[in-house]
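Asker: Take a look at the following structure, please.
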Amino acid sequence: MDSGKYVLRAHDLSVKYGKYEALHLDSLKIADTAGVVGLFGPNGAGKSTLLRTIVSDIEKHGGTLNGPSRENIAYLPDSPFLYGWLKVSQCKELFASRHGDFRAEIFDAFLDGSKVKPNLKVGELSKGMSERLHLALTMSRSPQLYVLDEPLGGVDPVGRDQLLQLVSDLKAPNTPVLFSTHLINNVQHIFNEVVLIDSGRLLAHESAASLRELGGGDLEVAYKKLVQQ
């Protein structure tokens, strides 16, 4: 858990909406060797708030947060960001021109064999196809940190398994992936570590293996045990 160089470190981190404290993390450290880190928590737990704070979309109100600059984070928000009139090929060209770390071969690998074709417009894609395109663009970069907020909610099970394997296999070396999801049972096999928050507080940050042991081999069972304590 503590091996490697820390890419992200938070201490006494506080985020407020008015007088409401949405997030207060005593301590969180993510190393470059962390692999794919699952971010779990009930609705309203503060998952998206944490991710948006990491990418500087939200200002912190207290504590410290040390991590990569915004341009060195590949961020996939929980809502689409591509214009509907853009063709898939234009999206690829746009990202390649904006990001010097863009890897065209990785983008192509994420779309290989899918129905997401270069001549299609974003507005013509189904929800699952759009999510695949957005994930392909995000994972095609070579940043210091990937931040994925509920990336695969609309992808069919077969496509989801394929994309999860690609995320694990094709991410840039020594670059952790912070992966927020509520579909724990469907994606749990990809995680190397798990961060669990509830009501804006850190409940656990453990290796996925140790949490599986707590849950009798199942991360979702372990998650429910910890949240219900």
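Take the sequence shown: its position 109, counting from 1, is numbered 108 in numbering that gives the first Met the number 0, and each next residue is one higher.
Cβ coordinates follow ideal geometry from the N, Cα and C atoms, glycine included.
Bear in mind that the values here come from a model prediction, so they are computed numbers and not experimental data.
Can you have a look at Ala103 and say buried or exposed, based on whether 16 or more other CB atoms are within 10 angstroms of its CB?
Answerer: Ala103 comes out exposed.
Asker: Judging by CA-CA distance, which residue of Lys116, Ser139, Leu225 is the nearest neighbour of Met128?
Answerer: Nearest of Lys116, Ser139, Leu225 to Met128, Cα basis: Lys116.
Asker: Select from Gly99, Asp155, Lys223 the residue whose C-alpha is nearest the C-alpha of Leu195.
Answerer: Answer by Cα proximity: Lys223.
Asker: What are the complete alpha helix (DSSP H) segments, minimum 4 residues, inside the stretch 77-132?
Answerer: The qualifying runs are 87-97, 103-110.
Asker: Is DSSP giving His23 helix, strand or coil here?
Answerer: Strand, per DSSP.
Asker: Inspect the CB distances between the stretch 159-168 and the stretch 122-140 and report whether three or more fall short of 8 Å.
Answerer: A contact exists between the stretch 159-168 and the stretch 122-140.
Asker: On the three-state DSSP scale, how would you describe Asp155?
Answerer: It is coil, neither helix nor strand.
Asker: Which same chain residues end up closer than 7 Å to Gly122 when comparing Cβ atoms and leaving out the 5 residues on each side of it in sequence?
Answerer: Closer than 7 Å at the Cβ level, and outside the excluded window around Gly122, lie Gly83, Trp84.
Asker: Identify, in the order they occur along the chain, each residue of the same chain with its Cβ nearer than 7 Å to the Cβ of Asp155, setting aside the five sequence neighbours on each side.
Answerer: Once the five neighbours on either side are set aside, the close Cβ partners of Asp155 are Gly127.
Asker: What are the residues that DSSP puts in a beta bridge with Asp148?
Answerer: Bridge partners of Asp148: Ser179.
Asker: Closer than 8 Å is the cut-off here; do at least three beta carbon pairs connect the stretch 40-51 with the stretch 61-69?
Answerer: Segments in contact, no.
Asker: How would you write the range of the beta strand (DSSP E) that Arg8 sits in, first residue to last?
Answerer: Start and end: 5-16.
Asker: Does DSSP put Val54 in a helix, in a strand, or in coil?
Answerer: DSSP places Val54 in coil when its eight states are reduced to three.
Asker: Please name the residue in Gly37, Pro172, Leu12, Leu201 whose C-alpha comes closest to that of Ile293.
Answerer: With the chain covering only 0 through 228, there is no way to say anything about residue 293.
Asker: On the three-state DSSP scale, how would you describe Lys28?
Answerer: Three-state result, Lys28: strand.
Asker: Would you kindly report the start and end of the unbroken alpha helix (DSSP H) that includes Arg200?
Answerer: First-last for Arg200: 200-206, but that is the beta strand (DSSP E), not the alpha helix (DSSP H).
Asker: For Asp197, which beta-bridge partners are listed by DSSP?
Answerer: Note: Asp197 sits in a beta bridge opposite Arg200.
Asker: Within its chain, find whatever has a CB closer than 6 Å to the CB of Leu110; leave out the 5 residues flanking it on each side and keep chain order.
Answerer: Counting only Cβ-Cβ distances below 6 Å, and skipping sequence neighbours, we find Ala135.
Asker: Tell me which residue opens and which closes the beta strand (DSSP E) that Ala73 is part of.
Answerer: First-last of the beta strand (DSSP E) with Ala73: 72-75.
Asker: Are there 16 or more other CB atoms within 10 angstroms of the CB of Ser179, so buried, or fewer, so exposed?
Answerer: Ser179 should be labelled buried.
Asker: Using a threshold of 8 Å, state whether the C-beta atoms of Pro175 and Gly34 are closer than that.
Answerer: Result yes, Cβ atoms of Pro175 and Gly34 sit closer than 8 Å.
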